[in-house]
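Residue numbers (this note's numbering): 208 to 1219. Heads up, the beta-carbon is just placed ideally off N, CA and C, and yes, glycines get one too. Quick caveat: nothing in here was measured; it's all calculated off a predicted structure.
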Amino acid sequence: MTQIAPPSPPAVTAILHEAGIEVDTSPRRLSEYSYDASNYRVEPIGVVFPHDADQVAAIVQACHGTGTPLTGRGGGTSMAGNAVGPGLVLDTTPYFNDLLAIDEENLWVDVEPGMVLATLSTRIEAHTSGRLTFAPDPSSKNRATVGGAIGNDACGNHSVRYGRTSDHVVEIDLVTVEGIRLTATATGIRATNADDVAAVRRAAGMTEALEGLAQENLAGFRTDLGRIQRQVSGYHLEHLLPEKGFNIARAFVGSEGTCALVVRARMALVPKPASALLLCVGYPDVVEAARDIETILEFSPAAVEGIDDAIVATMKSRRGEDSVTGLPEGKAWLYIDLDGTDPASVQAQADELLERLRGIGRMVDGRVVPDTTERASLWRVREDGAGLSARLSTGGESWPGWEDSAVAPERLADYLSDFRDLLAEHGLQGVMYGHFGAGCMHVRITYDLRSDAGRKVFREFTAAAAALVVSHGGSLSGEHGDGRARSEFLPLMYSPAMLTAFEDFRAIWDPTGLLNPGVMTSPDAFDENLLLAGVPARQWRTSFDLTPASGATGDGLDPFVHAVQGCIGIGRCRSATGGVMCPSYRATGDEKDSTRGRSRVLQDMVRGAKTVEEGWKSKEVREVLDLCLSCKACSTDCPTGVDMATYKSEFFSHYYPGRMRPLSHFSLGWLPRWLKITGRVAPLVNAVMGSPLGKLVSAAGGLTTKRALPRFASGAAWRREVDAALAAGPRRRIGPPRTLSGSGSPGSRVAAGNDAGAGQGTAGAVLFVDTFTRGFRPEVAGAAARVMVGTGEPVTCSAEACCGLTYISTGQLGTARRLLSKAARVLDDGTERPIVVIEPSCAAALSKDLPELVHTEAARRVAARIRSFAGHVAALAADGWTPEPAAPVPASVVLQTHCHEYSVFGAAVQRRALAALGVAEVTDATGCCGVAGNFGFEADHYEVSMKVADLALAPAMADSTAEVPVLADGFSCTMQVAQLDAGRRGLHLAELLDPAPPTDHARTTTHPKEHP
């Protein structure tokens, strides 16, 4: 147990303030940094963000002088609790993250500790024209940092070929606990600055002490350390041996921040293979898969990774069936990466290996995966394994804690067989995946960490599991480090003499024990500081039904608490590329603007609020939600399915009663009400908003005056468009003529059978003309109607309802529920006809929010029938329909998929529709456009909105010519297109497919920017 007196926050913060270094001690920031990706919660006293090595030295000196513990942190993705601690937390990612130099001739790169691994590899490959790269590639590589990889000795999917981070370190610049700058090298340790007398003296003293430690433990270091490829537990002191060259740099790697802080790393580069091929092999279970590892290793693969079917099923459930393509038959799979210089020889090697495995007879099926899209899909399943396995589609939760053990690859199958028996003995289940080729198994286990009885099982099982892996000659940790999760059990793996050597090694570096206390030596108990312990059992009444799809949260756990605890901290929301989540973090780089940061503050709300009522009024939660765009991307991109847009809406609905809402909650939140008025007097409204007076009106409504506002349409315009389309198409009387009402204007007679409730016919589809389309884009309603009529199927039309989206996003859930209840009544017509919604955000609201807010069978029936327009087109094309647009099909388009369509209907829905149209080249602006409904129109959010646009949409438009159409089905997306380039108009898919475009097809949809 670590014994360090609680530090005095004012003392260390005052010293650092004098040095020009600010320490963030706000309750919100402390919540964000009380967690990593482990089972633990340890609240710091402050968080500091250094800009350079000098500031790191100043911070360490201040901590040393005041006795303040200090924990270094990179991406915060530690699953063992290595990145949380008392005292200060030092985060290098915002500012201390540059690439300093690349030496192609000598094959090294100099880099600062906060650089993300994927960014490092990308920059190296760009600099060397794809010849060289940085090899370690853990699944968290798009948010884990160089400093963190050094701290944990990270490995990755290709460790079979490339080993661990310690195999790639050349030298490391460090700051010791006294603030002294030293450089650890392959042959010793020296002062970083040869003129620094104190550093020279400290280096000499450390050299003598470390040489003495090695001489005293020669036998033990040779026999007990470095026995298997993934022996990560403990310090890596075998590198101090004379035959290893007294390699202090490698000995330092894996010290988990307990010895010194990294301020520069020189890392080795490796050639990037010219050709690579993925072989995917299915098995009945993971044990049978592991039994083929020795055979596979004979073929010198670059990677051999494994997953089981529970992870695959969850991926499909969360992101759609097409999110996983290319898997052969089986219940468990191995991904085998083969590479070389010649594609033909790599293919021949894959064929030979597959034939060999078939001959052995354990595999179920196997195939080579040459398609790059399929390969990316399959690797993403593996890389998201930790999150996907935490909240499975079948229900229940699983947690880390024993997720990282390793054995020699030839013993993996027997170890896994015994391990499954051990799980069964304790009434637990495990979801298995990991680095099979290196003998390292990741397992998420169904612990109950909320109850005393469950935590007792947790302790008993972990002790037994530690003994089991040691009996198989393995390591407690094979990649993630010991941290708070495993350090207590090191005595089961190592002798007392070795444990003493570990203590001596740490003391040589840090005699005070201030650096990352509680791990490695003198550890805290592994079941202390558990994040699920001590959370009050209270009921948080919500408007949204947050009950999991599986139907239960377990032991009566409140659904809201269960929902916000879905974040397990793996940090995919901090990635800079891939998917859409999280646009605000990508724009600001601040943890508070990540899905994880918001989740952690919400978790502290349900933990620490004195009452539920106090919790709902939390200013910290309000602050952390401020830049959430409610894009819903996290609900699909987050491997655990965190749905921050829903939590934000729910929180706002409790936070604002009794408080003055932002003006935009009325000007934009009440938009459906205002459109009833503007539909009657659109010319007058447009004249006002297009004049200098428009700026005053915008400012009075809390809107930015920097953005062009949309032109309002006449309430009759969409009716004329739709009436004409339906009248021109095949007519089928399924009921009496009905009057369509919408936008508050008197309805007109439309073609027979053009209302969703007009009759009980079962063929065809219902076209739902939503509020945004009626109010701003009537020409799109006409195009959509013509396309649907052109399919030859009966089409009816409904416009009598509103999805309530603007009320949902602003947390005005009473009104939203009333509107959605009406929508359910209007659209529940007794048929199963698809309801095709023109605006994708409205489609998403009716599909997802409707059944969560309106708890009736009618709501569920309607939600099940909802399709986005692109989704309907893709479904028709899959059934053999071929579109016949009047205008020539463009050879290429820029595609901006609306975030809500992406999250609710799938990432590929728009691409499938474009494929049916025959568009050959699609430039996908993957990411949020930045407007996101009301967000980008609000004065306080405009700048962030444009930064978000600069991430994907703006570059995609800039890289294409003005003649290339920008496809943007979402109304908010079209507004951002116009803001970025007034000469280009965002088109709806219906307009590309339109068999007879109207003459006003290119109608101006925005006011000039200078007169918004």
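Asked: Three-state secondary structure assigned by DSSP to residue 716; Found: helix
Asked: Status (buried if at least 16 other CB within 10 Å, exposed otherwise) for residue 907; Found: exposed
Asked: For residue 341, the nearest candidate out of 1117, 350, 1130, 326 (CA to CA); Found: 326
Asked: Pair within 8 Å by beta-carbon distance, residue 768 and residue 676; Found: no
Asked: Check whether residue 582 and residue 499 have beta carbons under 8 Å apart; Found: no
Asked: Simplified DSSP state of residue 1225, which is helix, strand or coil; Found: In this structure the chain extends from 208 to 1219, so residue 1225 is not present and cannot be described.
Asked: Alpha-carbon spacing of residue 349 relative to residue 1043, whole angstroms; Found: 37 Å
Asked: Residue nearest to residue 290 in terms of C-alpha spacing, selected from 298, 842, 563, 280; Found: 280
Asked: C-alpha gap between residue 1220 and residue 1201, whole angstroms; Found: Residue 1220 is absent from the model: the chain starts at 208 and stops at 1219.
Asked: Three-way DSSP call (helix, strand, coil) for residue 208 in this model; Found: A caution first: residue 208 carries a pLDDT of 46, below 50, which makes its placement in the model unreliable, though a value can still be read off. Coil.
Asked: Distance, residue 575 Cα to residue 372 Cα; Found: 29 Å
Asked: Whole-angstrom distance between residue 1129 and residue 913, CA atom to CA atom; Found: 30 Å
Asked: Assigned exposure category for residue 422 - 16 Cβ within 10 Å defines buried; Found: exposed
Asked: Residue of 248, 909, 1066 minimising C-alpha distance to residue 742; Found: 248
Asked: Which of helix, strand or coil DSSP assigns to residue 952; Found: Below a pLDDT of 50, predicted positions are generally treated as unreliable, and residue 952, at 31, falls in that range; the measurement from the model is reported next regardless. Residue state, collapsed to three classes: strand.
Asked: Local conformation of residue 1060 per DSSP, three classes; Found: helix
Asked: Limits of the unbroken beta strand (DSSP E) element including residue 490; Found: 482-490
Asked: Delimiting residues of the alpha helix (DSSP H) encompassing residue 1167; Found: Element bounds for residue 1167: n/a, residue is neither H nor E.
Asked: CB-CB length for residue 343 against residue 324, believed under 8 Å; Found: 7 Å
Asked: Proximity of residue 1160 and residue 1134 at Cβ, strictly below 8 Å; Found: yes
Asked: Boundaries of the beta strand (DSSP E) in which residue 872 is found, first to last residue; Found: Run containing residue 872: none in the beta strand (DSSP E); it sits in the alpha helix (DSSP H), 871-874.
Asked: Euclidean distance between Cα positions of residue 545 and residue 557; Found: 7 Å
Asked: Cα-Cα separation between residue 964 and residue 972, rounded to whole angstroms; Found: Confidence at residue 964 is low in this model, with a pLDDT of 44, below 50, so its placement is unreliable and the value that follows should be read with caution. C-alpha separation (whole angstroms): 12 Å.
Asked: Residue from 465, 511, 495, 490 whose Cα sits closest to the Cα of residue 484; Found: 511
Asked: Same chain, Cβ closer than 8 Å to residue 223, five either side skipped, listed in chain order; Found: 229, 230, 255, 265, 266, 269
Asked: Whole-Å CB distance - residue 1183 paired with residue 1138, under 8 Å assumed; Found: 5 Å
Asked: Buried versus exposed, by CB contacts within 10 Å (16 or more), residue 876; Found: buried
Asked: Euclidean distance between Cα positions of residue 811 and residue 242; Found: 10 Å
Asked: Proximal residues to residue 522 (C-beta, below 6 Å), its chain only, five neighbours per side dropped; Found: 530, 531, 588, 595
Asked: Rounded separation between residue 1236 and residue 237 - CA only; Found: The question about residue 1236 has no answer here: the residues shown for the chain are numbered 208 through 1219.
Asked: Beta bridge counterpart(s) of residue 242 as assigned by DSSP; Found: 248
Asked: Residues near residue 1100 by beta carbon distance below 8 Å, same chain, minus five either side; Found: 1121, 1126, 1128, 1129, 1130, 1171, 1172, 1173, 1174, 1199
Asked: Alpha helix (DSSP H) segment containing residue 996, residue limits; Found: 985-996
Asked: N- and C-terminal bounds of the beta strand (DSSP E) containing residue 470; Found: 468-475
Asked: The stretch 1067-1079 contacting the stretch 1003-1014, beta-carbon criterion three pairs below 8 Å; Found: no
Asked: Of the residues 313, 395, 525, 233, the one placed nearest residue 1055, counting alpha carbons only; Found: 525
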